[in-house]
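Residue numbers (our numbering), protein chains in the order written: chain R, 3 to 786; chain H, 84 to 380; chain L, 4 to 162.
Backbone N, C-alpha and C fix where the C-beta goes; we use that ideal spot for every residue, glycine too.
Computed from a predicted model, the values in this text were never measured in an experiment.
Inspection log for the structure reproduced underneath, given as structure tokens.
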Amino acid sequence: MAKTDRQNIPSPIGENSPRIDAREKVTGAAIYADDIQFGNSLLHARIKRSPHPHALIKKIDTSKASSLPGVKAIVTGEDFPGYIGLYLRDRYIFCRDRVRYVGDPVAGVAAISEEIAEKALELIEVEYEVLEPVLDPEFGASPKAPLLHPDLGQYAVVNFIFPQPGTNISNHFKIRKGDVDNAWGKCAAIIERKYRIPHIQHVPIEPHVATAKVDETGEITLWVSSQSPFAQRNLIAESMGISHSKMRVIAPYVGGGFGSKAGVSMEALVVAIATKVKGHPVKLLLTREEEFYTAFVRQGLIAYFKMGCDENGRLLAMENKFYWDGGAYTEYGVNVTRASGYSSSGPYEVPNVRTDSHCVYTNHPVSGPMRGFGMPEMHAGLEQCIDELAHQIGMDAVEFRKLNCLKTGSTLVTGSKMHATGLPDCIKKTAEAIGWGTKAPPSAPNKRRGKGLALMWKAPAMPPNAGSSAWVELAEDGTVNVGVGGQELGQGVFTVMAQIAAGTLGVPYESVRIATPVDTRYSPYEWQTVASRLTWSMGNAVSNAAKDAKRQILDTVAEAWEETPEDLDIVNGVVISYKSEKEIPLKSLAVYGLPKPDDQGWRGGPVVGRGKFMPAYVTGLDPETGQGERAVVHYTTGAQAVELEVDLDTGRIEIIKGVSTFDVGKAINPEMVKAQMEGGFVQGMSSALFESLQLKDGFVRNPSFVDYRIATSADTPRDLQAYIVEVPQDDGPWGARGIGEHSMVPTIPAIANAIYDAVGVRLEGPPFTAEKVYLAMLDAGIVK
Amino acid sequence: MAINTHPSLFEFDYVQPATLAEACEFLASHAVEARPFLGGTDVFVRMRDGFLTPQFLVDVKKLKGLDDIHFDPKAGLTLGAAVNMNRVIASPEVKAHYPLLAEACRSVASYPLRNRATIVGNICNASPAGDTIGACLTLGGILHIHGIHSPRQESLASFFLGPGKTILKLGDVVTAIHFPIPPKGSVGMYLKLGRNQLSDLSIVGVTALGHPDSNCKSGYRFRLALASVAPVPLVPTEAEAYLANHSITPESVSEAARLSADACSPIDDVRGSARYRKLMARNLSAKALSEVWKKLN
Amino acid sequence: MAFHKINVTINNELDQLIVPSNMTLMHMLRESLALTGTKNGCSAGECGACTVLLNGEPVNSCMVLAVECDGAKIVTVEGLAGKKQLDPIQEAIVQEGGVQCGFCTPGILISSHALLKRNPNPSEDEIREALVGNLCRCTGYVRIIESVKVAARMQSVTD
């Protein structure tokens, strides 16, 4: 056998390895949570929900519903006094004394069929005393507003969230950097703007679904479409007052998450109901309508920006006020408030910054994490202000950004330093690809063409001790099974983990399997599948586990061959020695080990590698100034540009071309990274042109696909380009960092800037519907 | 309200009568408890939303003749009520003689939905947003109706009473829609403004059909119909009259478009505001008339 | 409520079932037959996740009553490949990276397969129009549209 060159070992890292789950998904074999067969003991749940945005519950009468044949159990908040919540425990599982949004769960029914459960809802009688609702976050933050959470001061809260008891403010995050007041005087140009970003919804094509069973010993099993099996175990167990060891979460493939299936929302409802029908699995499947107004939503934002630069275009100061419309419960939304606060400079170096980011309770649907976690909402206004400032100072918008953008070593708004970043390359590549500085003629006399560009940055928003763990186990034939706790939402994480395991261990990609479904009884712990953190965090854990397995194997073989492990390697599933050129396939020792000479016994044995990763260096931020050494693990940065046409007769926007460039550190699977950029662009475009939850008096007026429009195959641009920049992350596997969310962040402002370039109008916020654009052009005299 | 939409259809009895007479008899004797249906794309949705609660759904699709497409070069086109929109689009007779009908059908929803949706169903649902209604109005569509009394015909012009309300009586089954041969040289267009590029309901829809007509001062007769701008599909008669009496120029097209918009009484709803709808009625009328005019010459 | 005995061919196998009037074809497939490849995304005929072939034509199975399928031939994603390993559109969508979460995928495959049957060489516009009723939230559609073009080429080679 020819001597293997240490340098030329084949590895799937950086290859476009085929998706590990593709075949299952195209044949209909892939099992999602609503596909699991439970047999005849399955009961169906439906939820009685508040018809009022704000009311006291005076009385609940379930007697008529209970006597409907086929109804097995009805529960209300009376039986479940525990609070629940991720960062702030401000919610009950079922409402107890009051309801705070239209859709707030008041009672739950389990019946032998979904139809009977639905009929039972109509028979449950609830008496309400309607209260004045809070429908605007600025009003909600003012002393005039009724208090929605009088007990705010008593809620358990993590030490990096700062609720203001006696108000509706569940978090107030501050940045006080430099001397903003003095800096305005030095500015040659100042822009002051207000932006209003509406609520939107994740709209995964698979609605939320969860089935819970409580057995006679009190052990709970939850089968669920979930981004967070371990967090769900944690939050529900604590709220119900049971041991984590008595709660098991099984999480199969997820039909789209985007954040909506993180944390706990509807899952706790079905667990609570299941406690009353021991031995029966109870399933709750949200209708699409419920998905729109009772599942997590992306909270609305009213944002005030003020920014100024000197005569050379250098940003000197920024002042930001954010009022987040957190909705009825903000146990998750409070962290969006924080994340937007510590990112409030945008990806720019700004010496003086004052930011006040408030999370405000309102009687609107519940805020949760959505792709971008506050970044799309914030950049929507910020990146338009940057364009306007550049214009005012007489600089090209791209040149202005190149001047001010973060570079390696820049000082950040939190006082820490920017790690190695390819943001300048992203700007350059994006501007080039969109043809910045040139303008093609419009395709028809009634169209106007424009180009716009925007930057972004985002760090994974998570607690300082969010950890990952993994195991790597070999079977007799040398194939590899990898245990993880993170979830495949479609982003391709199982594929990437298999690539990382294969690349680290030295086995062919095809020989690696991921142990699915994730099951908290057997799978290793993973904080949550959110924050674009898995490639980096879980990737490190998998890599460490594979390294551990490799070390065990090489130690055994080294001993057998009387060599040192440093001279050995595993290549393509074969252990080789660079020194002696001996080799032995893994399947010859993976489980049974190697025999000692002269029949003197055996060495080695089953190989199970374990690994974990938790960043050790995350510091806090000063509660008064928002300054700290290293409050986030890293940032992914990037740029997007669009070329579009505006129809002067209708106001309709058509996106002709979209370009994305992101610095992902290392693209473990480049085509899948590009696929994230494409999908994120289109979801961002959809949020820019079509989407808003139309809230009136606390009601969502468009909770269906008929009137909540999302991008279809006919809307996607004909020319969508994605480029990868790789400036390695020091502690990422092969230098990788995340991409899942980032491609949706700059799309709204890129489009807004392009609309301005085309017709000279800016709107107060998305969606830039044909109507809004047309009426803006009409009011500006551009059309008659 | 969609807030209370049910997960599935509540209980009802599916009934498939063997003959038309049986169907009408059943519908009449069960009054509001029974409802006929074709593709179900409107009926099922409204049942889930709780607007319709029939005890009996009467499937009239398989009744004799309802699935037929019949063309006669003198009499015109007769489409059985059960003919789905994709079949209309694909029909060679429709392509040759009634392309406006195919264009209107094509704007509806999606290909799979059009395998179930029917023009007659679209008409009977009587939404002012109905995409095929404008084409049917401008082409002079006539409904063939069977009831418990003798069969009759109704012109579409007086068919609609309000959103979701028609002149149909209990026991009525629409069996076909008939279109006379369009006047020689007819050119038509359906301009639909939705929120997405394709597949949406209309915020505003304008159907324009024009043909040479020596009886008109201008030498041309135009028929117009507007969707989503009034409680019923709207025919702006003043605009039509104006075009009959004034020679067709960019200015007269503009004026006709203005008259068309004036005739509208749109509302504010989740899809659009009244103000925008009026402006789009004007702009789309102008555009549709200009395009049709171009082709007429 | 009435119940009906129906004979229906599903993925080339003849079945006989007793279905209530109010059961949709989608529920019959998913609940009565455990053919869970067809997905429930909205139950309102809007998202296309439930698309199946009914007598060769794609329909939203949530908008069809099971009882209406007496005597009908149904093809679901599980039967799309027929006797082959994979239908060209299944191969193509895997190759082009048009699958992410996979929930819209069965409906997309059925709609695309039907398109290629009636129009073996569709243009970009025709593909976009044919898929407009199949909503996808993950991919942004670009790779799906490309997959249909690739499948068309694959099919023209083998035909």
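Determine the DSSP secondary structure at residue i, reduced to helix, strand or coil.
i              : result
residue 207(R) : coil
residue 290(H) : strand
residue 349(R) : coil
residue 420(R) : coil
residue 642(R) : strand
residue 245(H) : strand
residue 49(L)  : coil
residue 71(R)  : coil
residue 299(H) : coil
residue 119(H) : strand
residue 200(R) : coil
residue 107(R) : strand
residue 601(R) : helix
residue 142(H) : strand
If we count the other Cβ atoms within 10 Å of its Cβ and call it buried at 16 or more, is residue i buried or exposed?
i              : result
residue 101(L) : buried
residue 148(R) : exposed
residue 203(R) : buried
residue 285(H) : buried
residue 3(R)   : Because the pLDDT at residue 3(R) is just 46, under 50, the model does not fix this residue reliably, and the value given afterwards should be weighed accordingly. With fewer than 16 Cβ atoms within 10 Å of its Cβ, residue 3(R) is classed as exposed.
residue 447(R) : exposed
residue 604(R) : exposed
residue 19(L)  : exposed
Can you check DSSP and say which residues form a bridge with residue i?
i              : result
residue 311(R) : 191(R) and 317(R)
residue 697(R) : 702(R)
residue 306(H) : 292(H)
residue 361(R) : 173(R) and 326(R)
residue 723(R) : 661(R)
residue 357(H) : DSSP output for residue 357(H) lists no bridge partner at all.
residue 587(R) : 576(R)
residue 173(L) : Only positions 4 to 162 of chain L appear in this structure, which leaves residue 173(L) out of reach.
residue 19(L)  : 10(L)
residue 262(H) : 160(H)
Would you mind working out which of the options sits nearest residue i, comparing C-alpha positions?
i              : options                           : result
residue 699(R) : 627(R), 19(R), 55(R) and 293(R)   : 55(R)
residue 725(R) : 395(R), 570(R), 427(R) and 486(R) : 427(R)
residue 317(R) : 11(R), 355(R) and 87(R)           : 355(R)
residue 199(H) : 14(L), 4(L) and 63(L)             : 63(L)
residue 113(H) : 101(H), 96(H) and 122(H)          : 96(H)
residue 472(R) : 519(R), 488(R), 459(R) and 42(R)  : 488(R)
residue 159(H) : 169(H), 348(H) and 176(H)         : 176(H)
residue 1(R)   : 24(R), 201(R), 228(R) and 199(R)  : There is simply no residue 1(R) to check, as chain R begins at 3 and stops at 786 in what is shown.
residue 618(R) : 469(R), 520(R) and 100(R)         : 469(R)
Measure from the C-beta of residue i to each C-beta in chain L and report whether the shortest distance is under 8 angstroms.
i              : result
residue 511(R) : no
Taking only beta-carbon atoms, is residue i less than 8 angstroms away from chain R?
i              : result
residue 12(L)  : no
residue 93(L)  : yes
residue 130(H) : no
residue 19(L)  : no
Kindly say whether residue i, judged by its beta-carbon, lies nearer than 8 angstroms to any beta-carbon of chain H.
i              : result
residue 44(L)  : no
residue 117(R) : yes
residue 1(L)   : Given that chain L is displayed from residue 4 to residue 162, the structure contains no residue 1(L) and the question cannot be resolved.
residue 135(R) : no
residue 705(R) : yes
residue 708(R) : yes
residue 770(R) : no
Answer with yes or no whether the minimum CB distance from residue i to chain A is below 8 angstroms.
i              : result
residue 129(L) : Here chain A cannot be found, since the structure's protein chains are R, H and L.
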